[in-house]
Amino acid sequence: MGERNSVASSRGGVPSSETANPAARPTLPSLLIDAIPAILVAVLLALPSLRLGYFWDDFTFLTRVQSDPIGALGHFPGSLFYRPISQGLYFWPLVFLGESGPVVANLLNVSLLAAAICLLVTLSTRLGGTNAGLIAGLAYACLAPISGLVGWASGAQDLLAIVFTLAALHLRDSGRNLAAAAAAVIGLLCKETAVLVIPVLILWDAIVGNRSARVGFYGLCYGGLALAWAASHPGIRELVSKAFVGEPYAHVGFKNVALFEHQTTRYLLTLVNVPITGAETPWPMERTGYGVAALALALGSLWLRSSVTRPPTTLMKGPPLSLHRVALLADLIVIPGILLQALLLNRWAAYFVCLPAVGTSLLIGVLFARVPLALASLGVIICMGLGIWCHGIGVSGGGILTERSFAEASRAIRDVERGFRKLRPTLPRGSQVLASVAASGPLGIHQTIHDGQALRIWYGDPTIRTLRPERRLAGPPAEFLFRITSSREVVEIDPDRGTYRSSGGNPSP
Numbered sequence: 027m028g029e030r031n032s033v034a035s036s037r038g039g040v041p042s043s044e045t046a047n048p049a050a051r052p053t054l055p056s057l058l059i060d061a062i063p064a065i066l067v068a069v070l071l072a073l074p075s076l077r078l079g080y081f082w083d084d085f086t087f088l089t090r091v092q093s094d095p096i097g098a099l100g101h102f103p104g105s106l107f108y109r110p111i112s113q114g115l116y117f118w119p120l121v122f123l124g125e126s127g128p129v130v131a132n133l134l135n136v137s138l139l140a141a142a143i144c145l146l147v148t149l150s151t152r153l154g155g156t157n158a159g160l161i162a163g164l165a166y167a168c169l170a171p172i173s174g175l176v177g178w179a180s181g182a183q184d185l186l187a188i189v190f191t192l193a194a195l196h197l198r199d200s201g202r203n204l205a206a207a208a209a210a211v212i213g214l215l216c217k218e219t220a221v222l223v224i225p226v227l228i229l230w231d232a233i234v235g236n237r238s239a240r241v242g243f244y245g246l247c248y249g250g251l252a253l254a255w256a257a258s259h260p261g262i263r264e265l266v267s268k269a270f271v272g273e274p275y276a277h278v279g280f281k282n283v284a285l286f287e288h289q290t291t292r293y294l295l296t297l298v299n300v301p302i303t304g305a306e307t308p309w310p311m312e313r314t315g316y317g318v319a320a321l322a323l324a325l326g327s328l329w330l331r332s333s334v335t336r337p338p339t340t341l342m343k344g345p346p347l348s349l350h351r352v353a354l355l356a357d358l359i360v361i362p363g364i365l366l367q368a369l370l371l372n373r374w375a376a377y378f379v380c381l382p383a384v385g386t387s388l389l390i391g392v393l394f395a396r397v398p399l400a401l402a403s404l405g406v407i408i409c410m411g412l413g414i415w416c417h418g419i420g421v422s423g424g425g426i427l428t429e430r431s432f433a434e435a436s437r438a439i440r441d442v443e444r445g446f447r448k449l450r451p452t453l454p455r456g457s458q459v460l461a462s463v464a465a466s467g468p469l470g471i472h473q474t475i476h477d478g479q480a481l482r483i484w485y486g487d488p489t490i491r492t493l494r495p496e497r498r499l500a501g502p503p504a505e506f507l508f509r510i511t512s513s514r515e516v517v518e519i520d521p522d523r524g525t526y527r528s529s530g531g532n533p534s535p
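If you read the sequence shown in the working numbering, its first letter stands for residue 27, the second for the next number, and so on.
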């Protein structure tokens with residue numbers, strides 16, 4: 027796997043001036059300059075999401091690390107996932123930062139998104155030319171679900187997988203196969219869906235037209251690596267033992283053909299920024315200003331690029347790939363990514379398309395780099411307009427997860443935290459908190475309080491135990507009884523005196 031393919035044999039066998047002149051190889055500043063417009067567009071569009079705090083799974087991962095930093099790198103009993111990097115290492119610094127943690131998580135995720143866009147832009151440039159890289163980066167920056175990943179700490183699972191998937195493709199294209207394999211493995215340890223890169227790594231030489239393609243050899247190497255990972259993965263072994271059929275109400279496992287078709291349709295629409303709720307989707311007025319600024323920056327960068335003459339060999343290794351080869355590459359990324367998630371994940375989430383969207387962005391970049399500037403600009407306007415419109419999607423119930431779901435869940439758990447802190451600014455070490463939680467649906471307050479043990483993070487104390495009242499344990503050093511109402515008020519109850527006090531006004535049931 028360590029063999030380096032010669033650039034002279036790649037993409038038609040014509041040596042590029044980059045090969046002949048090492049000084050022409052891209053430098054870090056030149057790579058960043060190509061990616062900066064798309065990165066800035068992505069950050070502008072994500073700014074409204076940077077107000078989110080911790081919610082949902084964030085607390086589960088934080089409390090695991092807080093209780094046992096080393097143990098958090100192992101497999102968690104009962105989980106079908108094994109992600110020691112994104113669910114363990116990523117949360118190590120956050121758990122010690124207290125109230126600053128969500129802000130740092132946002133900054134980390136912005137950095138990961140910037141790295142992903144930089145890798146995408148430079149890969150697209152190497153395959154299709156400078157304009158292809160810029161347009162691919164802008165297309166990816168406009169993808170609606172991306173901003174939700176930036177605002178949600180647990181979105182790092184997808185962002186890390188995307189970064190290392192793109193890194194693996196870069197390294198494979200450079201002939202650094204051992205490094206590409208290492209990047210692929212790291213991606214798999216961030217999120218299982220990174221497995222979609224394995225077929226692309228195997229077929230890379232054939233896709234880009236290398237004359238020395240050794241598909242069988244790389245199939246054994248990369249395929250063997252994927253099989254070894256799957257065989258050692260506890261969750262995959264469990265799914266295989268159940269023939270990939272999920273238990274009733276389980277999140278993972280095949281359900282039925284009708285659900286698969288429905289999920290697939292929604293993913294394909296989301297992949298091209300078409301709102302799944304159709305024409306009745308409201309326009310998110312609060313994002314209009316950000317969208318106008320991002321659009322001006324995107325169009326300005328396109329027009330500036332068209333007016334600047336740049337040697338095509340600065341970033342490219344050879345002639346641009348033909349459109350049908352780029353389409354094949356995009357298909358190998360998009361189709362497995364969509365089908366895998368539609369088959370095995372029963373809850374639909376918009377952000378699941380962010381990894382497959384690498385393929386569509388590559389294709390859009392190469393395609394629109396070959397059309398007149400006015401048409402490419404129109405494409406960017408449509409793509410960004412649809413992407414902003416998608417932020418207005420809202421569906422009642424917990425059947426689908428969108429960025430609006432994230433914002434509502436974040437606000438809800440912040441209200442509960444404020445209620446606890448108002449009633450009890452501190453809690454003694456070893457406290458047992460008995461909490462009865464009113465039904466909150468997709469807001470997930472019950473899960474956050476009990477499964478995520480959120481009070482341990484709020485009070486910075488891993489010895490606090492939160493239980494349902496019916497599971498009370500005898501003999502704690504200190505004990506408290508709370509009710510979280512449907513209006514998210516926190517009520518502390520003193521059963522001995524028959525009194526209560528509320529974080530709000532008159533508490534509702």
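Beta carbons: idealized from backbone N, C-alpha and C, even for Gly.
Residue i versus residue j - alpha carbon distance
i      : j      : result
Arg523 : Ala179 : 42 angstroms
Ser137 : Gly249 : 31 angstroms
Trp9   : Ala480 : Outside the modelled stretch of the chain, which goes from 27 to 535, sits residue 9, for which no answer is possible.
Leu297 : Cys409 : 11 angstroms
Leu99  : Val221 : 20 angstroms
Glu218 : Tyr526 : 47 angstroms
Pro225 : Ser513 : 49 angstroms
Gln21  : Phe190 : Residue 21 lies beyond the stretch modelled for the chain, which goes from 27 to 535, so this question has no answer here.
Asp520 : Leu507 : 7 angstroms
Pro382 : Asn135 : 19 angstroms
Leu73  : Ala210 : 30 angstroms
Ala64  : Glu434 : 28 angstroms
Ala284 : Ala252 : 30 angstroms
Ile483 : Cys247 : 43 angstroms
Asp441 : Glu515 : 8 angstroms
Leu404 : Tyr293 : 24 angstroms
Ala193 : Ala206 : 7 angstroms
Pro110 : Leu215 : 6 angstroms
Gly307 : Pro171 : The sequence as given places Thr at residue 307; Gly does not occur at that position. Their backbone Cα atoms lie some 16 angstroms apart in a straight line.
Pro468 : Arg430 : 11 angstroms
Cys168 : Leu370 : 27 angstroms
Phe394 : Ser126 : 42 angstroms
Glu518 : Ile419 : 37 angstroms
Ala376 : Gly501 : 46 angstroms
Ile96  : Asp477 : 20 angstroms
Arg313 : Gly174 : 13 angstroms
Gly177 : Leu106 : 25 angstroms
Those residues which DSSP pairs with residue i across a bridge
i      : result
Ala131 : DSSP output for Ala131 lists no bridge partner at all.
Ala525 : The sequence as given places Thr at residue 525; Ala does not occur at that position. DSSP output for Thr525 lists Asp520 as bridge partner(s).
Ser462 : Arg509
Leu427 : Ala375
Ser457 : Ala504
Outcome for residue i when other beta-carbon atoms lying within 10 angstroms are tallied against a minimum of 16
i      : result
Glu287 : exposed
Val282 : For the sequence presented, residue 282 should be read as Asn rather than Val. So Asn282 ends up on the exposed side.
Gly213 : buried
Val392 : buried
Ser436 : buried
Ile326 : With the sequence shown as reference, residue 326 is identified as Gly, and Ile is not the correct amino acid for it. Exposed, because fewer than 16 other Cβ atoms sit within 10 Å of the Cβ of Gly326.
Leu349 : exposed
Glu443 : buried
Ala324 : buried
Arg509 : buried
Glu496 : exposed
Gly315 : exposed
Ile59  : exposed
Pro103 : exposed
Leu460 : buried
Asp199 : buried
Ile361 : exposed
Gly413 : buried
Query raised in the report: Any chance the stretch 325–335 sits against the stretch 445–464, with 3 or more Cβ pairs inside 8 angstroms?
Result: no
Query raised in the report: Can you list the alpha helix (DSSP H) stretches of 4 or more residues lying completely in the stretch 469–513, in chain order?
Result: 480–484
Query - Segment contact flag, the stretch 78–86 with the stretch 229–236, C-beta cutoff 8 angstroms, min 3 pairs - result: no
Report task. Please go through the stretch 323–408 and give each complete alpha helix (DSSP H) segment of 4 or more residues, from N-terminal end onward. Result -> 349–370, 383–394
Report task. Go through the stretch 190–254 residue by residue and report every complete run of the alpha helix (DSSP H) that reaches 4 residues or more, in order. Result -> 203–214, 223–234
Report task. Mind the definition here: the stretch 115–134 touches the stretch 350–360 only if three or more C-beta pairs lie below 8 angstroms; say whether that holds. Result -> no
Query raised in the report: How do the stretch 384–400 and the stretch 141–150 stand: do at least 3 beta-carbon pairs fall below 8 angstroms, yes or no?
Result: Between the stretch 384–400 and the stretch 141–150, the count of Cβ pairs shorter than 8 angstroms is three or higher; the stretches touch.
Query raised in the report: Which runs of the alpha helix (DSSP H), 4 residues or longer, sit entirely within the stretch 88–171?
Result: 118–121, 127–154, 156–167
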